[in-house]
Structures are given as structure tokens and as C-alpha cells.
Amino acid sequence: MKKNIVAGNWKMNMNLDEGKKLAEEVSGMIRKKPLKAINGSPDVIFFTPFIHLVDVSKIIEGLDGVGVGAQNCYSKPSGAFTGEVSASMIKSTGAGHVLVGHSERRSLFNENNKMLAAKASVAVENGLNVVFCCGETLEERENSRHFDVVRNQLREGLFWMDNKSFSNAVIAYEPVWAIGTGVTASPEQAQEMHAFIRDLVNEKYGNQIAQDTTILYGGSCNPKNANQLFQQEDVDGGLVGGASLKAGDFFKIIQSF
Ligand code: PGA
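Under the working numbering, the first residue of the sequence shown carries the number 15, and numbering increases by one thereafter.
Written as C-alpha cells, this is what we have:
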């Protein structure tokens with residue numbers, strides 16, 4: 015069954031103590047008001063920097079529906095890749111998820127769809143659930159190429175998966191022009207693209223899997239706009255950057271279904 019999810023992408027923010035404090039604050043709120051008692055019963059995932067994974071995993075232990083994930087992993091299983099972190103290392107921290115293909119990885123670190131497919135592949139082999147990000151730039155949208163771009167990102171980066179692996183994957187649509195800009199996609203723009211993505215999943219994996227696939231919206235999602243976005247039929251939650259760094263704001267978004 016399709017799950018609603020609210021995920022926080024901390025990016026390169028928070029030292030260890032700050033991150034632990036943030037995770038403890040949000041967890042405390044969830045202990046008082048369990049996710050099952052919240053409209054839409056969303057799952058919550060913290061995408062933290064690598065160094066927080068072990069501690070945040072411990073902080074959320076025993077909390078139903080709450081998970082931890084990394085923001086990236088390397089495309090090879092192990093070896094002489096100084097400075098990189100493997101999917102199996104991530105898994106060994108207690109984390110269950112990994113973001114693949116965030117637009118900042120694509121644009122600042124030159125990650126292409128082929129490399130992202132390799133990353134998603136080692137992630138799956140090591141039992142991590144992939145949250146695969148896609149989305150167009152402003153220029154691509156202005157040139158009416160947004161559907162083509164997203165289709166291509168998904169076909170090359172994600173749709174190599176077999177049905178079984180794909181059923182554990184989540185898609186996050188994040189228009190690049192909305193990330194960190196304060197400009198949010200309108201609910202209609204989000205719905206239009208999410209419905210398009212669900213159609214693509216249907217073509218590739220069939221209707222049942224398409225209906226069960228969680229598709230998140232990301233890009234300047236905040237406590238004010240989350241409700242309208244989450245009300246859209248094909249928007250199953252959010253991947254939240256800036257607003258996930260304040261416990262109160264993040265918890266408001268969690269309650270926005
Ligand atoms: P933002 O980031 O909410 O700060 O726009 C979203 C993301 O990049 O995942």
C-alpha cells in the first residue's frame with residue numbers, strides 16, 4: 015500500500031550535537047502525538063549527514079514509522095575510494111534509506127543518470143530503500159521540456175529496477191527552481207507532474223505498483239504550503255530541506271495531510 019511520507023533533508027547543516035538535539039526534539043513531539051494518530055498516518059524519515067546516522071538511529075529506536083537515511087552513497091560496493099561512503103556502511107549504522115539523485119548532487123557533483131543508476135543499484139543490493147529524486151530546471155520548464163527531462167531521469171536512473179526492488183523505492187519530484195528559493199510549485203503544477211510520473215510507473219510496472227508508489231514533492235515546502243500540496247491526489251508527502259531544520263516547523267509539516 016502507498017505510504018504517505020514526510021522526509022527531512024538536512025543537507026550539509028547541523029554539527030553532531032545540533033543534529034542530535036533536532037532529532038530528539040522531533041522524536042519527542044512524535045512520542046506525544048504518534049504518527050498513527052496524525053491525519054494521513056505519515057512515515058517520517060530524517061536524511062542526515064553521514065556522521066549523524068548512528069546517533070539519530072538510536073534516538074528514533076522504537077518509534078513507529080520513523081526512519082533514518084543518508085543523503086548519498088558511492089556507486090561501488092567497497093574499495094580504494096578515499097573519502098567515499100558505501101551503501102553497506104550506511105546500512106550498518108541502522109539507517110534504512112538513501113537519497114539518490116538530488117539535484118545538488120547532479121549539478122554540483124556532476125552525477126549523471128548512469129552513475130545514479132549504479133548508486134541505486136548498490137543501495138538496493140545492501141537492503142537500503144532508495145528515494146530517487148528527479149526534477150527540471152527553470153530553463154527546461156520554460157522551454158516546455160520538463161516532462162521529457164523527468165521521464166529521462168526516471169527511465170535511465172530508476173526504471174532498470176525489477177518489480178521487487180522498485181516496490182521499495184520512493185520517487186521525489188523536486189523542481190530545481192523551487193529548491194531553496196522560496197518559490198514553491200503551485201499545487202496544480204505539482205499534481206500535474208506527479209500524475210505524469212505515476213503514469214510512467216504504470217507504463218513500466220503496471221497499475222498496481224503505480225498506485226502503491228509514493229511520490230513526494232520537494233522544493234520550498236513549508237508549514238504554510240504543505241497542506242495544499244499534500245491535498246493533491248498524487249502528492250504523497252514531501253521532501254523538506256530548509257523547513258526540516260526547525261523541529262516545530264517540521265512537525266507542522268508532518269501534520270499537514
Ligand atoms: P528546500 O529543499 O525545502 O530547502 O527547498 C528541498 C530539497 O532540496 O530536498
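Ideal Cβ placement from N, Cα and C applies to all residues, glycine included. Being a predicted model, the structure only gives us computed values, none of them experimental.
Within 8 Å, strictly: CB atoms of residue i and residue j
i: L142; j: V112; result: yes
i: P189; j: E156; result: no
i: F265; j: P56; result: no
i: R120; j: N86; result: no
i: L172; j: F210; result: no
i: V82; j: G54; result: no
i: L67; j: T107; result: yes
i: K50; j: D226; result: no
i: I268; j: A257; result: no
i: S89; j: K133; result: yes
Alpha carbon of residue i to alpha carbon of residue j, nearest angstrom
i: P201; j: Q246; result: 7 Å
i: M175; j: V99; result: 22 Å
i: A192; j: G93; result: 37 Å
i: I74; j: V80; result: 7 Å
i: Q222; j: N216; result: 8 Å
i: G252; j: V20; result: 5 Å
i: L152; j: S158; result: 10 Å
i: A101; j: P91; result: 7 Å
i: V164; j: W24; result: 24 Å
i: A37; j: L30; result: 11 Å
i: F244; j: G233; result: 13 Å
Nearest candidate by alpha-carbon position, reference residue i, set the options
i: F60; options: V40, L49, K47 and K50; result: V40
i: G220; options: N126, S135, F180 and A199; result: F180
i: G255; options: F271, F244, T195 and Q225; result: T195
i: V249; options: F64, A186, T198 and A261; result: A186
i: V135; options: N18, V68, V114 and Q269; result: The question names Val, but residue 135 is Ser in the sequence shown. The shortest Cα separation from S135 among N18, V68, V114 and Q269 belongs to V114.
i: R212; options: N124, S234, H116 and R169; result: R169
Residue i classed as buried or exposed, judged by whether at least 16 other C-beta atoms fall within 10 angstroms
i: T62; result: buried
i: N236; result: buried
i: K105; result: buried
i: R45; result: exposed
i: N18; result: buried
i: K238; result: exposed
One or two residues paired with residue i in a DSSP bridge
i: F210; result: DSSP, once it has assigned bridges, lists no residue as partnering F210.
i: D57; result: I19
i: Y187; result: C148 and Y231
i: H111; result: G83 and N143
i: V254; result: G22
i: T62; result: A84
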